[in-house]
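Chains as they are written, first to last, in full-length UniProt numbering: chain C, 1 to 467; chain L, 1 to 467. Positions of the beta carbon are idealized from the N, C-alpha and C atoms, including for glycine. Data block below; observations after.
There are 2 protein chains.
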Amino acid sequence: MGELGTMGGTRDFLPDEMIRREYVIDTLKTIFRKYGFEPLETPAIERWETLAGKYGEEGEKLIYHVVSSGSLGTLKAGERTEHALRYDLTVPLARVVGMYGDQMVADPADPKKQTRRLPRPFKRYQIQPVWRGDRPGEGRYREFHQCDADVVGSTSPLVETELIALTVEAFKALGFADFTVKINHRQLLKGLIEQAGIAPTKEATVLTSIDKLDKLPPEKVRLELAGKGLNADQLDALFQVIALEGTSEQVLEGARSLLAGSEAAQRGIGELTKLLHYLEALGVDSAYYRIDLALARGLDYYTGTIFETVSAAKVGSVGAGGRYDRLIYDLSGGKADLPACGTSFGLDRILAAMDQLGLFASLRRAGEVLVLHFGDPGVSQVCFELVRGLREAGVRAELGYHEEPFTPNGMRQQLGYANEKGFAYAVIVGPDEMAQGQAALRDLTTRRQEKIPLATAGQLIAGRLRS
Amino acid sequence: MGELGTMGGTRDFLPDEMIRREYVIDTLKTIFRKYGFEPLETPAIERWETLAGKYGEEGEKLIYHVVSSGSLGTLKAGERTEHALRYDLTVPLARVVGMYGDQMVADPADPKKQTRRLPRPFKRYQIQPVWRGDRPGEGRYREFHQCDADVVGSTSPLVETELIALTVEAFKALGFADFTVKINHRQLLKGLIEQAGIAPTKEATVLTSIDKLDKLPPEKVRLELAGKGLNADQLDALFQVIALEGTSEQVLEGARSLLAGSEAAQRGIGELTKLLHYLEALGVDSAYYRIDLALARGLDYYTGTIFETVSAAKVGSVGAGGRYDRLIYDLSGGKADLPACGTSFGLDRILAAMDQLGLFASLRRAGEVLVLHFGDPGVSQVCFELVRGLREAGVRAELGYHEEPFTPNGMRQQLGYANEKGFAYAVIVGPDEMAQGQAALRDLTTRRQEKIPLATAGQLIAGRLRS
Chain C
1 MGELGTMGGT
11 RDFLPDEMIR
21 REYVIDTLKT
31 IFRKYGFEPL
41 ETPAIERWET
51 LAGKYGEEGE
61 KLIYHVVSSG
71 SLGTLKAGER
81 TEHALRYDLT
91 VPLARVVGMY
101 GDQMVADPAD
111 PKKQTRRLPR
121 PFKRYQIQPV
131 WRGDRPGEGR
141 YREFHQCDAD
151 VVGSTSPLVE
161 TELIALTVEA
171 FKALGFADFT
181 VKINHRQLLK
191 GLIEQAGIAP
201 TKEATVLTSI
211 DKLDKLPPEK
221 VRLELAGKGL
231 NADQLDALFQ
241 VIALEGTSEQ
251 VLEGARSLLA
261 GSEAAQRGIG
271 ELTKLLHYLE
281 ALGVDSAYYR
291 IDLALARGLD
301 YYTGTIFETV
311 SAAKVGSVGA
321 GGRYDRLIYD
331 LSGGKADLPA
341 CGTSFGLDRI
351 LAAMDQLGLF
361 ASLRRAGEVL
371 VLHFGDPGVS
381 QVCFELVRGL
391 REAGVRAELG
401 YHEEPFTPNG
411 MRQQLGYANE
421 KGFAYAVIVG
431 PDEMAQGQAA
441 LRDLTTRRQE
451 KIPLATAGQL
461 IAGRLRS
Chain L
1 MGELGTMGGT
11 RDFLPDEMIR
21 REYVIDTLKT
31 IFRKYGFEPL
41 ETPAIERWET
51 LAGKYGEEGE
61 KLIYHVVSSG
71 SLGTLKAGER
81 TEHALRYDLT
91 VPLARVVGMY
101 GDQMVADPAD
111 PKKQTRRLPR
121 PFKRYQIQPV
131 WRGDRPGEGR
141 YREFHQCDAD
151 VVGSTSPLVE
161 TELIALTVEA
171 FKALGFADFT
181 VKINHRQLLK
191 GLIEQAGIAP
201 TKEATVLTSI
211 DKLDKLPPEK
221 VRLELAGKGL
231 NADQLDALFQ
241 VIALEGTSEQ
251 VLEGARSLLA
261 GSEAAQRGIG
271 ELTKLLHYLE
281 ALGVDSAYYR
291 IDLALARGLD
301 YYTGTIFETV
311 SAAKVGSVGA
321 GGRYDRLIYD
331 LSGGKADLPA
341 CGTSFGLDRI
351 LAAMDQLGLF
361 ASLRRAGEVL
371 VLHFGDPGVS
381 QVCFELVRGL
391 REAGVRAELG
401 YHEEPFTPNG
411 MRQQLGYANE
421 KGFAYAVIVG
431 PDEMAQGQAA
441 LRDLTTRRQE
451 KIPLATAGQL
461 IAGRLRS
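Here it is, written out as structure tokens:
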């Protein structure tokens, strides 16, 4: 056996990293639940036919195939396998809605009646890894978690409103101070392209260029678009709208009059106006969102409102979403025809951003208090009671371990462990301390040590940790 | 595209099931952390050489291989692939300890010093899916979660003590009233076999038969052992010890005198005696554990204390563990030579047991209060404020969604949704109610409806839910 290792593009998450990941995931879950989203998990291994033809030619090349040991021997070169690893969480959602969306079960309130197995609308969140056989690189992994919240089965603009509200609440809860949810609408962009006299066939490529406006200066994007065959009049028409400035209401007002000739644009503007009204009525602080007509979002399946969150950290967007009213039909193979709208939090980027912004400063590792242990039976009892009392008070207390029988090296080992794991305090009760009814309390940050009364040691330590 | 479906032996966890799973996992995590265990996650895809030769011939056949799309074309029949899916959580733990166990990093307390990247002992928990290409059947899945807590790097009997203490605490916290942690020791069993005059080469097969004593009557097990070549004297010597009855202390006392001639047995008995003393000193209720000399545990890698938890539910053991002081060396390819002891909770069986025992009765789904919405701007504002206030009070409140513009069907849809999702209350504020400064509160369990003052509606509802 050579050196131990993992596959490129995959990661071991050791405790210090896991504690950060779990903190972010738990914060998001709490907010998802508060807004009425319910958890869903699907298998890592999907049938190939569920994934086939869903991710475009380039995407499909990145799918990992799964082969049982028995089938390895019979697999023919170039043959597709029956099973493959999950590539995203949207296709599994469409499959779940297609399979169970119309299933009826006994009504819990009245067993004689039937009710839908999945509520409609179905509001679910899903936080699971996905796999892509991409070339690994800075911030690009072959195994990474996606973290999605979607509503399937409603066209109400309240859906977009609540997804944006929960996005704002989530980033505030994670400690972000400076972030913006940029909002736009696919119908507005469609109308803009239409009214600028650009052929509808060019819509996707024009949007791809517009989407670069957050990284490139407008002149460069104009040049790129000219290279795609747009003339000066068309470019002027586009940029006149994109360059609109002011409050969200002012930008929409400007677009309303400039795009008066496009029915699609007017529909988009109408929906965004309603969204702004609802966001205000729901009390979402307008400092955290704004209409941005340069937001295009690469993926071509969006049909309505689109949004994307950017922060002060240099990591790119930390979350994005939008309405996609035709995708569930396509992805479920026509088994479910339901409108949908969702948002996705970029877990790895959020972690990188929080690291950059110093938002993990107060996160502690698992250990809080280490009670050293010497193996003397009378003393053991006292140490055990102290640990038990601390744990009952909600403190993460540990007993020091030593080899049997106890040797002086055992104490050095235990203090080394306390240091490696970042404990706040160590408590030492030896035979001497016990005879005096005392314990030695060592603050492992300042390295100062003091004597405290044994009888009230647990209370005193719990109090200091929680102050 | 044919019918939608999943691979046999895998499962979609819809919200009602997920809520139960998350409840159990969150309960276990809280207890792991309290005892100083830290989270670890490793990639689903491992290098083949990490897994090869670790699970025996039969186990290895169940491993799923992973192939990128590009490699499908060049894969030769029968050829092993470079990568495969995780089969358990113990081999990845050994790999992690082998890779990072001796790595040094800057000491957080003093950057000029170096400290170990992983604390020693390393106390980690890991809750992740594993994959096995087994034939699916009742309670046998191809993708299922394992839930392990292990301590690597200490021979202290405090490790076993705390693992059993946390096991008892976990099952109590999950609501189990009637359960037992059965405890035995591999050295005691080894000494028993030795002293009965049975060849050491027969140890594994004899233990396999003894392990069946919880399902088969002693006569059947005797018959099976006789079939394996044991004579009457050997069988009597075995069963004289196994049949010892009484308190844990009495059983150990009996074994101590019957197995006086075996050094291994006396070592095992000495360690179990210390364990009982420590469990009592730590205040673990002795109603929940006992020495059971018929417990053998199938896996042959255990070297010391072994234990297994059984409950009143008919699902088999719900958890098990033990000390395995040589396994990390073997599994890490000799990169780490550390003693270890761990426990594993059987998540699927725990869920089945809790279902059987009715321990999920009080678990609620995501929805608590649905505030119906009619789309009238003035009323909207009131509904939004009500939802916002309820959420701030920690209530899982949702706004009803309806298609725009609102039609009378919208109200029926919203009440249908409330029913499907099991909400406790629906709140209705229409123009009439608003004019009277009232809201209609419908209890969705009793289906009774009453008028409440709008101004204090949020407080009143939050109070009822929390009472």
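- Here M104 (chain C) carries a strand assignment [DSSP, helix/strand/coil].
- In terms of Cα proximity to L454 (chain C), the closest of C:R448, C:G375 and C:D432 is C:D432.
- Per DSSP, the continuous beta strand (DSSP E) segment holding L399 (chain L) begins and ends at A397 to L399.
- Looking only at C:N184, C:K421 and C:Y100, the smallest Cα-Cα distance to F122 (chain C) is reached by C:Y100.
- Pairing N409 (chain C) with G342 (chain L), the inter-Cα distance amounts to about 25 Å.
- Taking C-alpha positions only, E169 (chain L) is separated from K190 (chain L) by approximately 31 Å.
- Per DSSP, the unbroken alpha helix (DSSP H) holding H277 (chain L) starts and ends at E263 to A281.
- Taking the C-beta atoms as reference points, R323 (chain C) is found nearer than 8 Å to T303 (chain C).
- With contacts defined by Cβ atoms closer than 8 Å, R256 (chain C) and I269 (chain C) form a contacting pair.
- Each residue's CA atom was taken as its position, placing L244 (chain C) and D337 (chain C) some 37 Å apart.
- Taking 8 Å as the threshold, the shortest C-beta distance from Q381 (chain C) to chain L falls below it.
- T407 (chain C) and S380 (chain C) have their C-alpha atoms spaced approximately 15 Å apart.
- Here G342 (chain L) is bridged, per DSSP, to L:D150 and L:G322.
- In this structure, DSSP gives V429 (chain L) a state outside helix and strand, which the three-state scheme calls coil.
- Rounded to the nearest angstrom, the gap between the Cα atoms of L62 (chain L) and M7 (chain L) is 15 Å.
- Check the Cα spacing between D148 (chain C) and each of C:L357, C:A353, C:V91 and C:Q459: the tightest is with C:V91.
- Among the residues of chain C, those whose CB is under 7 Å from the CB of Y401 (chain L) are P121, S154, S156, L158 and V159, following chain order.
- A distance below 6 Å between beta-carbons, with the five flanking residues on each side excluded, links L166 (chain C) to the following residues of its chain, in chain order: I31 and Y35.
- Under the DSSP assignment, T167 (chain C) falls in the alpha helix (DSSP H) whose first and last residues are P157 to A173.
- Per DSSP, the continuous beta strand (DSSP E) segment holding I45 (chain L) begins and ends at I45 to R47.
- For T303 (chain C), the nearest beta carbon of chain L is not closer than 8 Å to its own beta carbon.
- A173 (chain C) places its beta carbon 8 Å or farther from that of T74 (chain C).
- Restricting attention to L:Q438, L:S344 and L:V315, the CA atom closest to the CA of G321 (chain L) is found in L:S344.
- When C-beta distances to chain L are compared with 8 Å, the residues of the stretch 42-72 of chain C below that value are T42, P43, A44, I45, E46, R47, E49, T50, E60, K61, L62, I63, Y64, H65, V66, V67, S68, S69, G70 and L72, in chain order.
- P15 (chain L) has a beta carbon lying within less than 8 Å of a beta carbon in chain C.
- What E22 (chain C) touches in chain L, judged by beta-carbon distance under 7 Å, is P39, going in chain order.
- Within its own chain, the residues whose Cβ lies closer than 6 Å to the Cβ of R442 (chain C), once the five positions on either side in sequence are excluded, are A426 and Q449, listed in chain order.
- Per DSSP, reduced to three states, the secondary structure at S311 (chain L) is strand.
- A contact is defined here as three or more CB-CB pairs under 8 Å, and the stretch 383-391 of chain C meets this definition with respect to the stretch 274-284 of chain L.
- T446 (chain L) and V130 (chain L) have their C-alpha atoms roughly 44 Å apart.
- Interface residue (Cβ-Cβ distance to chain C less than 8 Å): F360 (chain L) is not classified as such.
- When 7 Å is used as the limit between beta carbons, K421 (chain L) is near these residues of chain C: P119, in chain order.
- Between V395 (chain L) and A352 (chain L), the C-beta spacing is not below 8 Å.
- G389 (chain C) is positioned such that its CB atom lies closer than 8 Å to that of G458 (chain C).
- With a cutoff of 8 Å on beta-carbon distance, A265 (chain C) and Q356 (chain C) are scored as not near each other.
- For T81 (chain L), the three-state secondary structure derived from DSSP is coil.
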